[in-house]
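Asker: Chains as they are written, first to last, in my numbering: chain A, 1 to 336; chain B, 1001 to 1326.
Beta carbons: idealized from backbone N, C-alpha and C, even for Gly.
These figures come from a predicted structure and were not determined experimentally.
Pasting a structure below so you can have a look.
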Ligand SMILES: Cc1ncc(C[n+]2csc(CCOP(=O)(O)OP(=O)(O)O)c2C)c(N)n1
Ligand SMILES: [Mg+2]
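Here is the structure:
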């Protein structure tokens, strides 16, 4: 369903103006944060691999905003925005990208390994599919301890072809784990289109093999994503029924900062950008008289200031102390 | 003191730790209803129920991954690999996840898991079922690796491993489950980072772990008859590798032999020898001698298989040659 065909229904689900504005703000923050990240990468302030979320904001905010503070998120290496959406401080994220001691992982992880224990952002993992079994383990612990919590496991379309994905869906259903698996289908795994990598191109259908709830949603429509996620999270929390949610979206930039992006047409990229989720959601907010152009511009200024403050914080933060090279290899320092 | 087999000592350790701490749970293939491939978990599902003794599908990556994710949320899982040979399909979880999570997340979380791995050869199980991989594990910062050889150590080290806040690879040998010995009742804890002289001697230091510890002790008895006094150091703590008793011993004997079931190249003996050279080169009267598994995929044929693994005679011949007494 198109946004403009569905305003009243959505407004019921998300009747609160401040919630809607908050969703918009988070999407914008992720967009501006990532744009700045690209800039900082080009200035060599950031090293290593760096994968951006630009284009995927509605999918990220629509899913993660449906969680409570005590719910868990496991992610992959394209996770700056996922961390922001889970409430991780933008300052600490930028500091991590800069490799600073004040970063989320004290400069030991970098772009691909953000982590925040208190926010229950349980990490960015750089091995495709690796974190799905971990999400199941945390789901098992939740059931074991009889807690009302949920785990969200976020990964790409490419990850649905690896063994760990299938092992995870199997036990999630078998053991009734409160896990929502979110496929961020951005059409490509590096340069390989979904149709060239997966025998089944409607990825939600992979849930059918495990007798699990499978859903597909327009990942460029934040309210649609939020709506279906609300339902799947409730199902996980109340009935311990896992699910597989495919969000159909797009990344505007290359796979990583070093990708020259030669495997797809310019026209395709342009078409997806015309459906930009932030643009569309902004138009919706204006049409519904929930915000004016001025409001949205003011929000943008505010968000950019937040991003600038994050850069300043990262820039001014200290490097890790060389004497701490071996810190935290083991939980007991004597063993390090 | 009660006499127990290694199998029963391990079983006792699991039972006691599960009674002590409700967060301890077991998972693995056929560990519950079937009582375990090697019966180490016998009776535990009956006693603790299906939640705490979790039978899993045949999916090693999910077994290790589930253990890690549960540990990150506060539990203390003990995962059984049916045998170590199958851990290769889960090595990503062992190395990239279990071993690295704490460091790459800046110390923000701990991963207190134990992975029990029955392994070793000598049962005519051929190439794919006869592995020893403790050197692989011991190569990786972030893992602790132990390989006890006696029933008392099996119990005491498993209890310590379950209480440890790090991922611990607990290496067992299929050929020693029936080996019996004295095992202290109740709270018996053996540290994970202390190697130990299991038999004192003056002429040569023999370093061995797991099943090869028993082979070395057996050989030492025979060597005594031949006028050679061998000191046997149990290398049960492989990572962190406690070299103190080895170095002390070598300073006295001037001779060292390493014995392991796994392949020689880049093996446990290679690491021990290198450390001896670094720390006690001047005390050596001869190069360190390494005894190890033959570098072939393990053959099925009984005679060939026998040739592929070190035995008592290899230790005796090597010791005599090293001391110029043959
Ligand atoms: C097991 C594994 N194989 C290969 C890679 C290299 N690699 C990193 S990202 C990637 C593409 C993954 O695509 P997808 O799952 O769709 O996620 P996206 O990057 O599109 O967000 C590949 C092949 C890896 N990190 N891990
Ligand atoms: Mg993709």
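With a cut-off of 8 Å, do at least 3 Cβ pairs link the segment 1129-1142 of chain B to the segment 1175-1183 of chain B?
Answerer: Taking 8 Å as the limit for Cβ pairs, the verdict is that the segment 1175-1183 of chain B does not touch the segment 1129-1142 of chain B.
Asker: Might you give, ordered along the chain, the residues of its own chain that have their beta carbon closer than 6 Å to the beta carbon of residue 945 of chain B, omitting 5 neighbours on each side?
Answerer: The structure shown does not extend to residue 945 of chain B, since chain B is modelled only from 1001 to 1326, so the question has no answer here.
Asker: Between which two residues does the beta strand (DSSP E) holding residue 1181 of chain B run?
Answerer: Residue 1181 of chain B -> beta strand (DSSP E) spans 1180-1182.
Asker: Can you give, in chain order, each stretch of the alpha helix (DSSP H) that sits fully within the segment 205-288 of chain A and has at least 4 residues?
Answerer: You should have 222-239, 266-274 and 277-287.
Asker: Run down chain C in chain order and give the residues with a C-beta less than 7 Å from the C-beta of residue 1079 of chain B.
Answerer: Chain labels in this structure do not include chain C; the protein chains are A and B.
Asker: Taking residue 1175 of chain B as the reference, give the member of B:1200, B:1215 and B:1288 with the closest Cα.
Answerer: Checking every option, the nearest Cα to that of residue 1175 of chain B belongs to B:1215.
Asker: What does DSSP give as the partner residues of residue 153 of chain A in its beta bridges?
Answerer: A:74 and A:181, per the DSSP bridge assignment.
Asker: Quick one: residues with CB closer than 6 Å to any heavy atom of ligand 2, in chain order, please.
Answerer: Qualifying residues come out as A:156, A:157, A:158, A:186, A:188 and A:189.
Asker: Rank A:331, A:142 and A:187 by C-alpha distance to the C-alpha of residue 238 of chain A and give the top, closest one.
Answerer: Closest option to residue 238 of chain A, Cα to Cα, is A:142.
Asker: Do the segment 64-75 of chain A and the segment 283-299 of chain A meet, that is, are 3 or more Cβ pairs less than 8 Å apart?
Answerer: The answer is no - the segment 283-299 of chain A does not touch the segment 64-75 of chain A, with fewer than three Cβ pairs under 8 Å.
Asker: Give the interface partners of residue 1061 of chain B over in chain A, defined as CB-CB distance under 8 Å, in chain order.
Answerer: What residue 1061 of chain B touches in chain A: 133, 163, 164 and 167.
Asker: State the Cα-Cα distance for the pair residue 9 of chain A and residue 19 of chain A, rounded to the nearest angstrom.
Answerer: Bear in mind that a pLDDT of 43 at residue 9 of chain A, under 50, signals an unreliable position, so the model cannot answer this.
Asker: Using a Cβ-based criterion (distance less than 6 Å to any ligand heavy atom), does residue 264 of chain A qualify as near ligand 1?
Answerer: Because no heavy atom of ligand 1 lies under 6 Å away, the Cβ of residue 264 of chain A does not count as near it: no.
Asker: What separation, rounded to the nearest whole angstrom, lies between the Cα atoms of residue 1064 of chain B and residue 1146 of chain B?
Answerer: Looking at the two C-alpha atoms, the distance is approximately 18 Å.
Asker: Do residue 1203 of chain B and residue 1250 of chain B count as a contact pair if the criterion is CB distance below 7 Å?
Answerer: Result no, Cβ atoms of residue 1250 of chain B and residue 1203 of chain B do not sit closer than 7 Å.
Asker: Would you report the Cα separation of residue 53 of chain A and residue 256 of chain A, rounded to the nearest angstrom?
Answerer: Roughly 10 Å between the two C-alpha positions.
Asker: Any idea what DSSP makes of residue 971 of chain B, helix, strand or coil?
Answerer: Look at the range of chain B in this structure, 1001 to 1326, and you will see that residue 971 of chain B is not part of it.
Asker: Listing by chain order, which chain A residues have their CB less than 9 Å from the CB of residue 1170 of chain B?
Answerer: Within 9 Å Cβ-Cβ: nothing; residue 1170 of chain B doesn't reach chain A, min ~16 Å.
Asker: Given 8 Å as the limit, is there contact between the segment 47-67 of chain A and the segment 208-227 of chain A, that is, 3 or more CB pairs closer than that?
Answerer: Yes: at least three Cβ pairs fall under 8 Å.
Asker: Hey, is the segment 1018-1032 of chain B in contact with the segment 1074-1094 of chain B, meaning 3+ C-beta pairs nearer than 8 Å?
Answerer: Enough Cβ pairs lie closer than 8 Å, so yes.
Asker: Out of B:1041, B:1102 and B:1034, which has the shortest C-alpha to C-alpha gap to residue 1014 of chain B?
Answerer: With distances taken between Cα atoms, residue 1014 of chain B lies closest to B:1041.
Asker: Could you give the distance in angstroms between the alpha-carbon of residue 1048 of chain B and the alpha-carbon of residue 250 of chain A?
Answerer: Approximately 48 Å, taken between the alpha carbons.
Asker: Going by the DSSP bridge assignment, what does residue 1005 of chain B pair with across the sheet?
Answerer: B:1180, per the DSSP bridge assignment.
Asker: Chain A beta carbons: is any one of them nearer than 7 Å to that of residue 1141 of chain B?
Answerer: It does; some Cβ of chain A falls within 7 Å.
Asker: Bridge partners of residue 140 of chain A, per DSSP?
Answerer: Paired residues: none, contrary to the question.
Asker: Please look up how many angstroms separate the CB atoms of residue 1108 of chain B and residue 115 of chain A, rounded, as I've assumed it's under 8 Å.
Answerer: Between residue 115 of chain A and residue 1108 of chain B the Cβ distance is about 5 Å, and since that is below 8 Å, they are a contact.
Asker: Report the option in B:1252, B:1221, B:1184 and B:1227 whose CA atom is closest to the CA atom of residue 1001 of chain B.
Answerer: Comparing Cα positions, the closest option is B:1184.
Asker: Taking 6 Å as the cut-off, is the CB of residue 182 of chain A close to at least one heavy atom of ligand 1?
Answerer: Residue 182 of chain A Cβ: outside cutoff for every heavy atom of ligand 1.
Asker: Of the residues B:1046, B:1008, B:1030 and B:1260, which one's Cα is nearest the Cα of residue 965 of chain B?
Answerer: Given a span of 1001 to 1326 for chain B in the structure shown, any question on residue 965 of chain B remains unanswerable.
Asker: Pull up the CB-CB distance for residue 183 of chain A and residue 244 of chain A, whole angstroms please, since I reckon it's below 8 Å.
Answerer: Going by Cβ atoms, the distance from residue 183 of chain A to residue 244 of chain A rounds to 7 Å, so yes, they are a contact pair.
Asker: Which class does residue 323 of chain A belong to by DSSP, given the choice of helix, strand or coil?
Answerer: Helix at residue 323 of chain A.
Asker: Along chain B, in chain order, which residues have C-beta atoms closer than 7 Å to that of residue 127 of chain A?
Answerer: Correct list: 1092 and 1096.
Asker: For residue 177 of chain A and residue 1237 of chain B, I'd like the C-alpha separation in whole angstroms.
Answerer: Looking at the two C-alpha atoms, the distance is approximately 37 Å.
Asker: Hey, would you say the C-beta of residue 327 of chain A is under 6 Å away from at least one heavy atom of ligand 1?
Answerer: For ligand 1, not one heavy atom lies less than 6 Å from the Cβ of residue 327 of chain A.
Asker: Between which two residues does the beta strand (DSSP E) carrying residue 1173 of chain B extend?
Answerer: Run containing residue 1173 of chain B: 1168-1173, per the beta strand (DSSP E) assignment.
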